[in-house]
Amino acid sequence: MIPLPRHLLPDTAEVGPDGHLRIGGCDVLELAAEHGTPLFVYDEAHLRARCREAVEAFGPDGAVYATKAFLCLAMARLAHEEGLRLDVATGGELHVALTAGVPAERLVLHGNNKSDAELRTAVEAGVGRIVVDSFDELDRLERLHAETGGAHAPRVLLRLTPGVEAHTHEYVRTGQDDSKFGFGIASGAADEAVARARRSPAMELVGVHAHIGSQIFALESFDLALEVLAGFVRPLDLEELVVGGGLGVAYLTGEHAPTLTAWAERLRAGVERHGLGHLHLGVEPGRALVASAAITLYTVGTVKELPGIRTYVSVDGGMSDNPRPVLYGSGYEAFLPRAVEAPRPRVVRVVGKHCESGDVLVHEAHVPADLAVGDVLATPVTGAYGHSMGSNYNKVTRPAVVFVRDGVARVVVRRETYDDLIRLDVL
Numbered sequence: 039m040i041p042l043p044r045h046l047l048p049d050t051a052e053v054g055p056d057g058h059l060r061i062g063g064c065d066v067l068e069l070a071a072e073h074g075t076p077l078f079v080y081d082e083a084h085l086r087a088r089c090r091e092a093v094e095a096f097g098p099d100g101a102v103y104a105t106k107a108f109l110c111l112a113m114a115r116l117a118h119e120e121g122l123r124l125d126v127a128t129g130g131e132l133h134v135a136l137t138a139g140v141p142a143e144r145l146v147l148h149g150n151n152k153s154d155a156e157l158r159t160a161v162e163a164g165v166g167r168i169v170v171d172s173f174d175e176l177d178r179l180e181r182l183h184a185e186t187g188g189a190h191a192p193r194v195l196l197r198l199t200p201g202v203e204a205h206t207h208e209y210v211r212t213g214q215d216d217s218k219f220g221f222g223i224a225s226g227a228a229d230e231a232v233a234r235a236r237r238s239p240a241m242e243l244v245g246v247h248a249h250i251g252s253q254i255f256a257l258e259s260f261d262l263a264l265e266v267l268a269g270f271v272r273p274l275d276l277e278e279l280v281v282g283g284g285l286g287v288a289y290l291t292g293e294h295a296p297t298l299t300a301w302a303e304r305l306r307a308g309v310e311r312h313g314l315g316h317l318h319l320g321v322e323p324g325r326a327l328v329a330s331a332a333i334t335l336y337t338v339g340t341v342k343e344l345p346g347i348r349t350y351v352s353v354d355g356g357m358s359d360n361p362r363p364v365l366y367g368s369g370y371e372a373f374l375p376r377a378v379e380a381p382r383p384r385v386v387r388v389v390g391k392h393c394e395s396g397d398v399l400v401h402e403a404h405v406p407a408d409l410a411v412g413d414v415l416a417t418p419v420t421g422a423y424g425h426s427m428g429s430n431y432n433k434v435t436r437p438a439v440v441f442v443r444d445g446v447a448r449v450v451v452r453r454e455t456y457d458d459l460i461r462l463d464v465l
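For the sequence shown, our numbering gives the first residue as 39, with consecutive numbering after it.
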């Protein structure tokens, strides 16, 4: 098997004279030794480059970072510094963004079940947009408006379900008619929501929003969504059309994904073709900005040969730091940072340390023949939905996160301790 394809590594990845992988000018084996494993290593230059590309392609008000992909104080601040708005979907994400110093007007609040408290916090803080997802939410906004004496009338978008099934995993499709998100166009719910929002003094309707799914490679899925949305939106006197995120990224050898720039060109051509060029076009990329910016480092603890069956390689993390293989059957590559350019002829199954047979990180991993206990093993393209979806299952402590740039590594999320595991417990 060939060495790991370089396009799966962060932008600044290079091989040093000793054969070791370096990212941001830092030897990743030295990072593992200093900070321990598992460890998320993010290329800060890569993050900033993708953010800048998104802003250049869609404009500072059109590019919104979907923080669910990866959020901490440092990431929120970085995205804001690079000119993006931020999409937050819970009170917790809202709190992180505000604490990081992101102005409330640069935030967009999402969520299919926003609580009264979340809406109140967002409205009082002056969040720039609220994406309304249900009639119950319209009720809550009107109740809040009455309770505050009409002091606040937020600018809102209505989330629509266009009835388009993106070519992706069923668990991350969101644009089909049978969805927990939004107002269906085919059912007439979207028309009813528009009429109600327009006559309500509790909000100002400025546009519509749709998101058809995640990890989408086929740009024609967005063409289909625009075709449906155009028929609905064209008669309305609105300012904004947000088509969500969902642009896919390459995780495996042989995969190649569209760039943010190519996505922008396809979307702009579509809105012009459908007579929507006068609307302000917005997108909400998450994975496409951060996924390939990071790798995860593990230490191999056990190599178990089952003759005639397979070889299991157990590492010191697992489904607690990357649940995507368990949730979606997602595929990843694996390699040894000590020998980045080495052939990978040996096929093994990389598994975690959790008490679950399904705790698999890479089902069929190609690795160098001399992989051994004690090696640092890495999985690339783990910058999205690893840290953010992590857990403490089996009371495993969550990994640290480091940003590397110009030969300097800075911890942006410290490693949890055992005391962190019990700090919320009450005897």
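Beta carbons: idealized from backbone N, C-alpha and C, even for Gly. From a predicted model like this one, the values you see are computed outputs, not experimental measurements.
Beta-carbon proximity check, Asp99 vs Arg123, cutoff 8 Å: Yes, Cβ-Cβ distance for Asp99 and Arg123 is below 8 Å.
Cut-off 8 Å between Cβ atoms - residues of its own chain near Ala438, not counting five sequence neighbours on either side: Excluding positions up to five away in sequence, the list reads His73, Gly74, Leu77, Phe78, Val449, Val451, Arg452 and Arg453.
Between the CA atoms of Thr159 and Leu136 - distance to the nearest angstrom: Spanning the two alpha carbons is a distance of roughly 11 Å.
Start and end residues, beta strand (DSSP E) containing Pro418: Val414 to Pro418 is the span of the beta strand (DSSP E), which, as asked, contains Pro418.
Nearest to His148 (by Cα), restricted to the options Glu175, Ala138, Glu162 and Leu42: For His148, the closest of Glu175, Ala138, Glu162 and Leu42 by C-alpha to C-alpha distance is Glu175.
Cβ-Cβ distance between Ser352 and Thr340 below 8 Å: Cβ distance < 8 Å, so Ser352 and Thr340 count as in contact.
Beta-carbon gap between Ala233 and Tyr80 smaller than 8 Å: No; because the gap between Cβ atoms is not below 8 Å, this pair is not in contact.
Straight-line gap, Val102 to Ser259 (C-alpha atoms, nearest Å): So the alpha carbons of these two residues sit roughly 20 Å apart.
Minimum C-alpha distance to Ala163 - residue among Ala189, Pro200 and Arg90: For the residues Ala189, Pro200 and Arg90, the minimum Cα distance to Ala163 belongs to Ala189.
Outcome for Ser225 when other beta-carbon atoms lying within 10 angstroms are tallied against a minimum of 16: It is exposed - the Cβ of Ser225 has fewer than 16 other Cβ atoms within 10 Å.
DSSP-derived helix/strand/coil call for Phe221: Reduced to three states, the DSSP call for Phe221 is strand.
Neighbourhood of Glu343 by C-beta distance below 6 Å, restricted to the same chain and skipping five residues each side: Excluding positions up to five away in sequence, the list reads Thr349.
Rounded distance between the beta-carbons of Tyr289 and Leu415, thought under 8 Å: About 16 Å separates the two Cβ atoms, so there is no contact after all.
Cα-Cα separation, Val389 to Glu156: Near 38 Å, if we compare the C-alpha coordinates of Glu156 and Val389.
Rounded Cβ spacing between Ala407 and Arg387 (contact assumed at less than 8 Å): With a Cβ gap of about 16 Å, Ala407 and Arg387 do not count as contacting.
Boundaries of the alpha helix (DSSP H) in which Ala92 is found, first to last residue: Glu82 to Phe96 is the extent of the alpha helix (DSSP H) around Ala92.
For Asp275 and Gly308, believed in contact at Cβ under 8 Å, the rounded distance: Actually they are not in contact, since the Cβ atoms of Gly308 and Asp275 sit about 21 Å apart, beyond 8 Å.
Three CB pairs or more closer than 8 Å across the stretch 170-184 and the stretch 100-120: Between the stretch 170-184 and the stretch 100-120 there are fewer than three inter-stretch CB-CB distances shorter than 8 Å, so the stretches are not counted as touching.
Residue(s) in a DSSP beta bridge with Phe78: Bridge partners of Phe78: Thr334 and Val439.
Nearest-angstrom Cα separation, counted from Arg44 out to Ile61: Whole-angstrom Cα-Cα distance: 12 Å.
Distance CB(Glu265)-CB(His294) smaller than 8 Å: It is not a contact, given that the beta carbons lie outside the stated cut-off.
C-alpha gap between Ala256 and Pro200, whole angstroms: Whole-angstrom Cα-Cα distance: 17 Å.
Anticipated Cβ contact below 8 Å, Ala228 with Phe270, distance rounded: Contact between Ala228 and Phe270 is confirmed by a C-beta separation of about 6 Å, below the 8 Å threshold.
Residues of its chain near Ile40, where Cβ-Cβ distance is below 8 Å and the 5 sequence neighbours each way are ignored: If you ignore the 5 residues before and after Ile40, its C-beta comes within less than 8 Å of the C-beta of Thr291, Pro381 and Arg382, all in its own chain and listed in chain order.
Delimiting residues of the alpha helix (DSSP H) encompassing Gly130: Element bounds for Gly130: Gly129 to Thr137.
Spatial neighbours of Glu185 in its chain, beta-carbon cut-off 7 Å, leaving aside the 5 residues before and after: Closer than 7 Å at Cβ, skipping near neighbours: no residue.
Helix, strand or coil at Val266 according to DSSP, with G and I counted as helix: Here Val266 sits in helix by DSSP.
Spatial distance of Arg376 from Ser330 (CA atoms): Rounded to whole angstroms, Arg376 to Ser330 spans 20 Å at the Cα level.
Buried versus exposed, by CB contacts within 10 Å (16 or more), Lys218: So Lys218 ends up on the exposed side.
Cβ neighbour criterion (16 or more within 10 Å) applied to His118: With 16 or more other Cβ atoms within 10 Å, it is buried.
Residues near Gly54 by beta carbon distance below 7 Å, same chain, minus five either side: Closer than 7 Å at Cβ, skipping near neighbours: Arg60 and Asp65.
Contact set for His392: own chain, Cβ-Cβ below 8 Å, skip 5 residues either direction: Hits under 8 Å: Gly356, Met357, Ser358, Tyr431, Asn432 and Val434.
8 Å Cβ cutoff met for Gly284 and Gly251: Taking 8 Å as the Cβ cut-off, Gly284 and Gly251 qualify as a contacting pair.
Residue nearest to Ile254 in terms of C-alpha spacing, selected from Glu278, Glu242, Gly282 and Ser238: Ranking Glu278, Glu242, Gly282 and Ser238 by CA distance to the CA of Ile254 puts Gly282 first.
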